[in-house]
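Q:
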Amino acid sequence: MNIGNSADVSIEQIDLLGSGTQVTFGSITIGQDSNLDIGGSGAITTDSDNVDIGNINVNVGASASFVLGSGGIDIMDTATAGSFGSINVVVADAGSARFGAISASAMESITLQVSGAGAVDFGAINATGAVGSISIRGDATADVVFGVIDATSIGSIEIAGSLDVTFGRLNAASIGSISNTGQGTGTFTIDLADITNAFSIELGAGTNIVTSSDNARNTINLSSGTGTDTIEYESAGANYDQITKFEAGSGGDVIRFDVSEFELGDAAGLDDADGSSIGVASDVIFATANASASWAMAASANIILMTATYTTTADMVSGLQAFASFGTAAQATSEMAVVWSDGTDSYVSVVSVVGSGQATFSAANSVTVTDATIVSLSAVGTGSLTTANFAFI
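Residue numbering for the sequence shown follows the working numbering, beginning at 905 and increasing consecutively.
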């Protein structure tokens, strides 16, 4: 299909009929300042089994637009769901391509090339099987947005150029390698909190915001020395991430806690030293531990910074039980973040302090302290970390 310049074409309705049918859009070229809307405001659906949509190749001219199924594309709501082929999109300066929510048994690869102020937007992708690899290239002020992707597995994700890329929450057992080392500028945002198996991500020099998962021990390699990375956590569990090239100090990288979502086991939220729940955008205030004498936290402190080194988390907990107290606030239960070191790497843990209305952490006062480590910062000493390296949202 070829559409010349300055034209408006709308295909209001597509009915996908006949079991075993494959619908192939093939190659579509849209000229400058033209608009092609396939599916109108309604959904593209089928009542037949095993209806597949083949590969789509779209070339969108400058200031032109392409829309496919703005009301949704559903070939899954049958006894035998259909699959979706590969999507290849090239968008020129100020052009746009938009895909409605896609529901299918599986989906092949997605390849995007976006120029200038071009934009590509995907609604949610829901697949009962796998979603293939995603490759994105762009420059200048290009913008690419994906909604939620829900699949059994997701292929590799690779990003290059100078553009903004946002992924909604990805929900899958596994995901391939993730890399935006070729992205020189722009922002990369991705939510991996619902990935079950371990993943590895290589981050580039742009501004990166990654929501990680405690489901497995993940590897997150930052771009050395840029100080533009934020790694976010919603929970603490049995596994912790390994982060390399974390830049400590003012202007450095950031470990961020989502206090509205955070969970340690069945306990919700994080607390400061007086037992109050930490609010969104609260200032980070260290309580600096003493390793040789009793010490008490200020009421507003919300992260404990351990100054001694400990071989294991159990040793760190023992250090808290030996000398720490909430100061004037006697509490039954509290969950607090702790930063500590083994002498080589720093760790960020969350401890649960459970007692009988006691102010001190001492086991003699029937207070137990358990922990879950969420991240290890390779080759970073606690002495180089500042409050600027942490945040609450």
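Quick reminder that beta carbons are idealized off the backbone N, C-alpha and C, glycines included.
List the residues that DSSP assigns as beta-bridge partners of Gly989.
A: In DSSP, Gly989 forms no bridge with anything.
Q: For Phe929 and Gly1080, I'd like the C-alpha separation in whole angstroms.
A: Linking Phe929 to Gly1080 through their CA atoms gives a straight-line distance of about 28 Å.
Q: On the three-pair Cβ rule with 8 Å, is the segment 1216-1224 touching the segment 1174-1185?
A: In short, these stretches do not touch, since the Cβ pair count stays below three.
Q: I'd like the span of the alpha helix (DSSP H) that includes Leu1224, first residue to last.
A: 1217-1227
Q: Evaluate Gln1087 with the Cβ neighbour count: other Cβ atoms within 10 Å of its Cβ, from every protein chain shown; 16 or more gives buried, anything less gives exposed.
A: That one is buried.
Q: Taking C-alpha atoms, which residue in Ala1010, Tyr1137, Ala1005, Leu972 lies nearest to Phe988?
A: Ala1010
Q: Which residues mark the beginning and the end of the beta strand (DSSP E) in which Gln1087 is found?
A: Unbroken beta strand (DSSP E) run through Gln1087: 1082-1089.
Q: With distances taken from CA atoms, which of Val1069, Asp1025, Phe1161 is nearest Ala1140?
A: Selected option, being the one with the closest Cα: Phe1161.
Q: With DSSP collapsed to three states, give me the class of Asn1293.
A: helix
Q: Is the distance from the Cβ of Ser923 to the Cβ of Asp956 below 7 Å?
A: no
Q: So, helix, strand or coil for Ser914, using DSSP?
A: Of the three classes helix, strand and coil, the one that applies to Ser914 here is strand, per DSSP.
Q: Helix, strand or coil: which one does DSSP assign to Gly1051?
A: coil
Q: Using 8 Å as the Cβ pair cut-off and three pairs as the minimum, do the segment 1221-1229 and the segment 1188-1197 touch?
A: yes
Q: What are the complete beta strand (DSSP E) segments, minimum 3 residues, inside the segment 943-973?
A: 948-950, 960-964, 969-972
Q: Around the C-beta of Ser1154, are 16 or more other C-beta atoms found within 10 angstroms, so that it is buried, or is it exposed?
A: Classification of Ser1154: exposed, given that the 10 Å Cβ count is below 16.
Q: Quick one: grab the DSSP three-state call for Ser1196.
A: Coil at Ser1196, not helix or strand.
Q: If you reduce the DSSP assignment to three classes, tell me which class Gly975 lands in.
A: coil
Q: With the cut-off set at 7 Å, would you say Ile1147 and Leu1289 are in Cβ contact?
A: Their beta carbons are not under 7 Å apart, which means Ile1147 does not touch Leu1289 by this criterion.
Q: The ligand SAM heavy atoms versus the CB of Leu1224: any closer than 6 Å?
A: For the structure depicted, the ligand SAM is absent and the ligand set is empty, with no information on it obtainable.
Q: For the pair the segment 991-1006 and the segment 968-979, tell me if three or more CB-CB distances fall below 8 Å.
A: yes
Q: Taking contact to mean at least 3 C-beta pairs separated by less than 8 Å, is the segment 1019-1029 in contact with the segment 1051-1065?
A: Cβ pair count under 8 Å is three or more, so yes.
Q: State buried or exposed for Thr1286, treating a residue as buried only when at least 16 other CB atoms are found within 10 Å of its CB.
A: buried
Q: Quick check on the burial criterion: 16 or more other C-beta atoms within 10 angstroms. Buried or exposed for Ala1283?
A: exposed
Q: Can you list, in chain order, the stretches of the beta strand (DSSP E) that have 3 or more residues and sit fully within the segment 1006-1041?
A: 1006-1008, 1014-1018, 1023-1026, 1029-1031
Q: Look at the Cβ atom of Gly965, then the Cβ atom of Ala996, and state whether they are nearer than 7 Å.
A: yes
Q: Glu1239: which of Tyr1251, Val1252, Val1257, Ser1245 sits nearest, CA to CA?
A: Val1257
Q: What does DSSP give as the partner residues of Thr1111 in its beta bridges?
A: Thr1091
Q: If you measure between the beta carbons of Tyr1144 and Thr1277, is that distance less than 7 Å?
A: yes
Q: Taking only three categories from DSSP, how would you classify Thr925?
A: DSSP places Thr925 in coil when its eight states are reduced to three.
Q: Once DSSP output is grouped into helix, strand and coil, what is the label at Ser1154?
A: coil
Q: Find out if the Cβ-Cβ distance for the pair Thr1134, Ile1113 is shorter than 7 Å.
A: yes
Q: If I follow the unbroken beta strand (DSSP E) through Thr1148, where does it start and stop?
A: 1145-1148
Q: Relative to the C-alpha of Gly1059, which residue among Gly1036, Gly1042, Val1049 is closest?
A: Considering only alpha carbons, the answer is Gly1036.
Q: If we ignore side chains and look at the alpha-carbon of each, how far apart do Arg1073 and Asp1098 end up?
A: 7 Å
Q: Going by the DSSP bridge assignment, what does Asp1275 pair with across the sheet?
A: Val1255
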